[in-house]
Amino acid sequence: MKRSIINKSLLAFIVLAILFSGCKKGNTTSNQLVGSWRLVNAPYGPGYVIIGSDMILTTLTTTSTGAHEYSKKAYQIESNTVLVSNTLFQYSKSGDTLKLLQDVDNPNSSNNFILVPDASSTTLDTWMPLAVYGTSLPWPDLQMDALTTIGGTIWTSYSYGGLKAYNSSTATYVSGFNLANSASGIEAVGSDLWAYDQIGRTLVKVNVTTHAVTFTSPAVPHGSGNVCQLAYDGVNNIYCINGYRLDVYNIGTNSFNSYQMPDSYNDLAFADGYLFAVTNSTVLKIDPATLQVVKTYRLKDGMGSDVIASAGGSDFWIYVSDGLQVPGSFQKITLN
Numbered sequence: 004m005k006r007s008i009i010n011k012s013l014l015a016f017i018v019l020a021i022l023f024s025g026c027k028k029g030n031t032t033s034n035q036l037v038g039s040w041r042l043v044n045a046p047y048g049p050g051y052v053i054i055g056s057d058m059i060l061t062t063l064t065t066t067s068t069g070a071h072e073y074s075k076k077a078y079q080i081e082s083n084t085v086l087v088s089n090t091l092f093q094y095s096k097s098g099d100t101l102k103l104l105q106d107v108d109n110p111n112s113s114n115n116f117i118l119v120p121d122a123s124s125t126t127l128d129t130w131m132p133l134a135v136y137g138t139s140l141p142w143p144d145l146q147m148d149a150l151t152t153i154g155g156t157i158w159t160s161y162s163y164g165g166l167k168a169y170n171s172s173t174a175t176y177v178s179g180f181n182l183a184n185s186a187s188g189i190e191a192v193g194s195d196l197w198a199y200d201q202i203g204r205t206l207v208k209v210n211v212t213t214h215a216v217t218f219t220s221p222a223v224p225h226g227s228g229n230v231c232q233l234a235y236d237g238v239n240n241i242y243c244i245n246g247y248r249l250d251v252y253n254i255g256t257n258s259f260n261s262y263q264m265p266d267s268y269n270d271l272a273f274a275d276g277y278l279f280a281v282t283n284s285t286v287l288k289i290d291p292a293t294l295q296v297v298k299t300y301r302l303k304d305g306m307g308s309d310v311i312a313s314a315g316g317s318d319f320w321i322y323v324s325d326g327l328q329v330p331g332s333f334q335k336i337t338l339n
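Residue numbers for the sequence shown follow our numbering, beginning at 4 and rising by one.
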């Protein structure tokens, strides 16, 4: 009996020693990689890799449109290899340069990471600031393809002409009506609503009191039977986006100018001289003169949106729903 107890104690000691040795070795190796790195071979613009002591590797990259992206993946180190999620990299470090090579036979491959220390210590929050979430208002109706605001009223539209008003202060439904025209995208211009008519493929001006259409534009050059989302610059122009095509309507001249967008966006808003495009998980700040992205914001996981509307200054309304949750909610966000 005594020998059995001794053997068990010895075995436990050996197991602990092996585990401790393995952990110590892993920490020693990983310490050579942990830190903030600049991606030398980023294809479209600045890029960074953050290798954390928590065994999470974060990549911060720039797309061809200037938008920022990120990903977070678990990594493991074994000898001279690094396994990032399910992708194996050969690892080598020479001086200040760290190489993570997925394609060993082609050092110039875009799948490889050539890294040097990042003097600016870039973080995810500086790369893609998180939107600040504020007021949340329940909204039981999941049928919505656009929203806008007139004063303290949030207006929503759904295909085939359904318009609904919601008081953002009292959190109550106000009214609704159906247009004879099939309205999809909507935007407030003063006290009126402008809507995209899917059937006529024009923009129509709607009096929200009488529900009458008081003006119809020429045909939108790249309009289609799909939703065409709108944004008003507060001066004279209504932006109408449909996929990669942007048609800008000048109210004063009753004419359109058309542009090719660098990417496809779900919805647009206009504030402080910039367009803001929502892509479910991000909001992109776009220079209307160049149509290039100048800043990228990220939305909370599970709280993204396909629609966005200006709420004044740096505040915006989005609609949050997974398509199954009842009710969804209007969510006010601030983009600093």
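All C-beta atoms in this analysis are idealised placements derived from N, C-alpha and C, irrespective of residue type, glycine included.
Roughly how many whole angstroms lie between the Cα atoms of residue i and residue j?
{"i": "A222", "j": "T84", "result": "59 Å"}
{"i": "K303", "j": "P110", "result": "36 Å"}
{"i": "Q201", "j": "I241", "result": "16 Å"}
{"i": "G307", "j": "T152", "result": "19 Å"}
{"i": "V211", "j": "L166", "result": "10 Å"}
{"i": "P49", "j": "T65", "result": "6 Å"}
{"i": "K27", "j": "I53", "result": "Low confidence applies here, because K27 scores a pLDDT of 38, under 50, leaving its location unreliable and the question unanswered by this model."}
{"i": "A134", "j": "L294", "result": "22 Å"}
{"i": "L86", "j": "Y94", "result": "10 Å"}
{"i": "G203", "j": "P224", "result": "12 Å"}
{"i": "T205", "j": "F218", "result": "10 Å"}
Which one or two residues does DSSP pair with residue i in a beta bridge?
{"i": "W142", "result": "G331"}
{"i": "N245", "result": "R248"}
{"i": "G38", "result": "I54"}
Compare the beta carbon distance of residue i and residue j with 8 Å and say whether it is the shorter of the two.
{"i": "A149", "j": "V310", "result": "yes"}
{"i": "M131", "j": "R301", "result": "yes"}
{"i": "V192", "j": "Y235", "result": "yes"}
{"i": "N115", "j": "D121", "result": "no"}
{"i": "N245", "j": "G276", "result": "no"}
{"i": "V340", "j": "V119", "result": "The question about residue 340 has no answer, for the chain in this structure spans 4 to 339."}
{"i": "S317", "j": "L338", "result": "yes"}
{"i": "A168", "j": "A186", "result": "no"}
Nearest to residue i by alpha carbon, out of the options?
{"i": "N269", "options": "G188, V135, D106 and L103", "result": "G188"}
{"i": "Y1", "options": "F279, T66, T62 and V37", "result": "This structure cannot speak to residue 1, because the chain is shown only from 4 to 339."}
{"i": "T156", "options": "D195, S82 and T66", "result": "D195"}
{"i": "K102", "options": "T256, I59 and W40", "result": "W40"}
{"i": "G315", "options": "L233, I80 and K335", "result": "K335"}
{"i": "A174", "options": "W197, S139, T205 and A186", "result": "S139"}
{"i": "N89", "options": "K96, S97 and K76", "result": "K76"}
Quick one: residues in its chain with C-beta nearer than 6 Å to the C-beta of residue i, no 5 flanking neighbours on either side, listed in chain order?
{"i": "D266", "result": "T68"}
{"i": "L287", "result": "A70, A280, V296 and T299"}
{"i": "S172", "result": "G155"}
{"i": "S56", "result": "V37"}
Can you list, in chain order, the residues of its chain whose CB lies under 8 Å from that of residue i, leaving out five sequence neighbours each side?
{"i": "A45", "result": "T64 and T65"}
{"i": "N239", "result": "N253, I254 and G255"}
In chain order, what residues of the same chain have a beta carbon less than 7 Å from the beta carbon of residue i, not counting five sequence neighbours either side?
{"i": "Q146", "result": "Y161"}
{"i": "L278", "result": "A234, Y242, L271, I289 and P291"}
{"i": "F180", "result": "L166 and H214"}
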